[in-house]
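Taking it in order: structure first as structure tokens, then the write-up.
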Amino acid sequence: MAKKKSAAGSIRKKTHKKNSNDSLLNGTKNNVNQSDLRNRQNGSSTSSNTLTTTKISSYDDDTITQSENSIEKEHKKIESKSYSQRAGKKLKDRRRVFFMFGTLLGIIVAFYFGQKSSYLSDSTMRQSFDNLVNFENFQVALDDWKEALPNGLVNMFGDFQTYLTGFDFSKIYPNNKNDLTENFAVGKQLRKELNLTDKHPVVMVPGVITTGLESWGLYGDAECSSEQHFRKRLWGSFYMLKTMVLDKVCWLKHIKLDPITGLDPPNFKLRAAQGFEATDFFVAGYWIWNKILQNLGAIGYDPNKMVTAAYDWRLAYLDLEKRDKYFSKLKEQIEVSYELTGEKSVIFGHSMGAQVVFYFLKWVEAEGEHYGNGGSDWCNKYIDTVVDIAGSTLGAPKSVPALISGEMKDTVQLNAVAVYGLEKFFSRRERLDMLRTFGGIPSMLPKGGNMLWGDIHFSKEDELHNNTDTFGNFIRFVENKALVKNNSDFHSSVMKHNFTMKDALNYIIENSPSWLHNRIDDQYSYGFAKTEKELQENVKHHSHWSNPLEVPLPNAPDMKIVCLYGVGNPTERAYVYTNEDYNTTGMNITIAYDQEQSVFFTDGDGTIPLLSHSMCHKWKQGKSAYNPGGLKVKVVELKHEPNRFDIRGGAKSAEHVDILGSAELNDYLLKIASGHNEMIEERVITNISRWVDELNFPL
């Protein structure tokens with residue numbers, strides 16, 4: 001109806017030119033306002049309809065038909081033009097999309113074939129280029145465009161991804177056609193192929209910083225109230241990031257521990273989040289234990305048979321028991337699980353969590369106040385297997401610069417602008433002051449001294465690299481030329497000699513506040529027992545329990561240990577330092593940012609160097625002073641083979657945290673939990689077994 005009336009209106013315009021009353025009609029036409037026009041189109045104006053009908057009736061049918069045909073042609077022209085414009089715009093958008101992906105594809109291909117050329121033969125250059133073009137966001141971008149792109153193009157990128165990475169799990173799962181990075185994939189496949197089901201209760205002990213911390217205080221102080229943060233995560237959430245940016249001073253007051261007691265500061269209280277949610281994700285979208293939880297669930301596990309033993313990683317180990325009764329709760333949890341299921345527990349410890357587990361094994365059998373008092377046979381009765389996942393068993397060298405100058409590789413490799421911004425927002429001095437209050441951080445300092453980590457002339461790791469200097473030369477000092485030029489007094493303050501690992505630990509203790517010195521002395525030790533008698537004496541005091549070079553494994557012949565860790569990922573091992581202007585930075589020494597190379601790397605998983613896993617290989621040698629019960633120990637090294645198109649490295653990543661999503665690691669964990677340790681085949685692809693044979697272990 002609306003179209004007919006519109007057509008009638010157009011016919012009237014043409015007939016006015018032939019009418020002798022043109023002026024009158026034109027006047028009438030001009031007097032029709034916009035409201036009349038809308039009414040005429042909607043059929044709501046009676047007068048307009050009458051006028052239109054009268055005008056139409058004065059013409060014959062042929063005229064009307066010709067006019068209608070003319071109108072239809074005009075409409076088609078307009079529609080055709082509009083369609084052409086839209087099509088042109090779509091084509092332009094498509095060209096932009098294809099140009100973007102074509103450019104990206106060209107970069108990928110060029111980089112892939114360029115890797116095989118001598119141009120990128122130098123490992124440092126290749127690593128730098130990897131950092132520049134790592135395609136971490138490619139998978140995210142592809143997901144965003146997946147609906148808009150043709151299926152053929154999406155499939156092409158998927159095929160290219162497979163070709164580029166050489167990813168193949170056919171040897172493990174010959175009938176598997178699925179992507180093992182998908183949720184539940186490993187668990188479903190093992191249930192289907194091997195009929196694996198839940199058997200042993202599982203306890204998961206997370207690593208440092210991966211447990212969320214919630215505020216449970218209300219009052220704070222005059223400057224900072226805690227009420228607004230009640231039950232909010234001030235560590236391990238986007239709320240943490242928001243609070244850091246908007247109110248850094250108050251965030252630091254909440255997150256720091258009391259320097260004297262090592263516990264809660266007055267009126268501020270943070271506690272570890274509980275349940276699986278405490279460690280499944282660090283922040284939304286960044287999983288930690290979620291993949292393992294999913295795959296355990298796929299073979300039948302539920303909260304009745306698995307638990308996350310989350311803890312406040314800031315605290316020194318015995319303070320976890322004094323404040324939170326952490327180890328007592330863990331002991332009771334394992335005992336209750338045994339009574340309910342009749343099965344021994346399996347304990348997974350990741351990173352620092354592996355040290356916490358080893359500490360627990362000694363704590364639970366020890367006698368005394370704040371100790372477990374479980375007796376010498378407790379571990380043999382209640383624990384089936386301990387799994388060390390990328391454990392910092394003998395420490396992590398990166399913890400040393402953290403406690404000397406509040407730095408590590410991640411801050412050193414920032415560009416100058418980023419370093420300046422970080423220094424203004426969260427300076428090295430502030431980071432150092434915060435870390436020093438955390439009694440748990442010193443537990444990760446390297447153990448074994450120069451016996452394990454080398455002296456000023458030699459280290460076992462030197463054979464891996466063509467270094468002009470040894471890794472035993474742990475901290476090398478260079479002169480700060482800018483300071484010497486401006487103030488000649490600084491020349492005399494330059495360190496006279498470099499530091500071995502033992503020297504570096506002594507420097508930390510000697511230059512720390514008395515409260516930190518006392519806490520380290522009471523809670524930890526970093527040497528090694530020289531006699532079997534000394535090894536047994538050390539069992540009586542908690543300061544030795546986190547160091548497997550100073551105390552033996554439990555005498556539990558039925559218990560098993562499996563060590564799973566990544567290799568093939570450059571890991572920080574030694575540093576170049578220089579003197580600093582204390583009046584300007586509050587630091588005496590700092591990493592030399594202006595050096596061509598201020599951090600030196602060795603083999604490892606990106607955080608824990610290979611040498612730190614030496615103890616697993618020492619235990620594996622059989623019954624000894626370190627392994628009096630002759631526990632069966634298996635070691636599996638996972639080669640780091642990240643997928644360039646996956647932001648987390650994909651199913652073959654062996655990076656320190658991302659290894660928790662590794663398909664191979666999940667495969668092993670599920671076999672252990674389901675009672676099939678015999679299905680785990682040992683694999684050592686490095687020279688560490690030979691190193692352990694050649695190192696001068698005293699026992």
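First residue of the sequence shown? That's 1 in UniProt numbering, and the numbers climb one at a time after it. By construction, the Cβ of each residue, glycine as well, lies at the ideal position given by its N, Cα and C atoms. Model, not experiment: these values are computed from the prediction.
Below 6 angstroms CB to CB, which residues in the same chain sit around residue i once its five sequence neighbours on both sides are set aside?
i, result
"F438", "R314"
"R431", "G406"
"A402", "M408 and L435"
"R690", "none"
Should residue i go down as buried or exposed, given a rule of 16 or more other Cβ atoms within 10 Å for buried?
i, result
"V245", "exposed"
"V692", "buried"
"A309", "buried"
"Y582", "exposed"
"H200", "buried"
"N627", "buried"
"R683", "exposed"
"H640", "buried"
"P266", "exposed"
"A8", "The pLDDT assigned to A8 is 44, lower than 50, so where the model puts this residue is not dependable; a value taken from the coordinates is nonetheless given after this. Buried, because 16 or more other Cβ atoms sit within 10 Å of the Cβ of A8."
"T468", "exposed"
"N518", "exposed"
"T103", "exposed"
"E681", "exposed"
Hey, out of the options, whose CA is closest to residue i's CA?
i, options, result
"K269", "G448, S237, L213 and A310", "L213"
"F276", "A222, P206 and Y382", "P206"
"T393", "E537, L631 and L610", "L610"
"S525", "H254, M679, H542 and E682", "H542"
"P552", "K530, G566 and T571", "K530"
"L194", "M679, P642 and H517", "M679"
"Y565", "E369, L665 and W378", "L665"
"G568", "P397, Y326 and P642", "P642"
"T602", "F471, N588, G448 and K331", "F471"
"F477", "L464, D503 and W453", "D503"
"D377", "P557, D198 and G449", "P557"
"V208", "S443, L296, W515 and R271", "S443"
"I685", "G604, S546 and D302", "G604"
"K331", "L320, L263, H350 and F360", "F360"
Under 7 angstroms Cβ to Cβ from residue i, same chain only, skipping five residues before and after it: list those, please.
i, result
"Y371", "W363"
"A298", "F184, G187, K188 and R191"
"Q274", "A310"
"L452", "L394, L611, S614 and L695"
"R648", "D658 and G661"
"T210", "T279, F282 and I288"
Which value, in whole angstroms, describes the spacing of the CA atoms of residue i and residue j?
i, j, result
"Q621", "G630", "9 angstroms"
"F697", "Q228", "54 angstroms"
"I292", "K329", "23 angstroms"
"N687", "H617", "11 angstroms"
"A574", "E461", "11 angstroms"
"F238", "F282", "9 angstroms"
"E339", "K381", "12 angstroms"
"I508", "I255", "22 angstroms"
"F458", "Y311", "39 angstroms"
"V633", "D221", "51 angstroms"
"C563", "V636", "6 angstroms"
"S554", "N473", "Note that residue 554 is Pro in the sequence shown here, rather than Ser. Cα to Cα, P554 sits roughly 35 angstroms from N473."
"M559", "K305", "19 angstroms"
"C379", "Y326", "17 angstroms"
"G300", "L669", "14 angstroms"
"K253", "K232", "15 angstroms"
"G353", "G368", "24 angstroms"
"L505", "Q523", "15 angstroms"
"D433", "E510", "16 angstroms"
"L241", "V357", "30 angstroms"
"E479", "L549", "36 angstroms"
Going by the CB atoms, is the gap between residue j and residue i shorter than 9 angstroms?
i, j, result
"L699", "E532", "yes"
"I404", "I659", "no"
"A651", "L180", "yes"
"I347", "V203", "yes"
"T578", "I591", "yes"
"S226", "G217", "yes"
"F600", "E572", "yes"
"N498", "I561", "no"
"M501", "G586", "no"
Is residue i close to the ligand ZN? I mean its beta-carbon at under 8 angstroms from any heavy atom of the ligand.
i, result
"N267", "The ligand ZN is not part of this structure, which contains no ligands at all."
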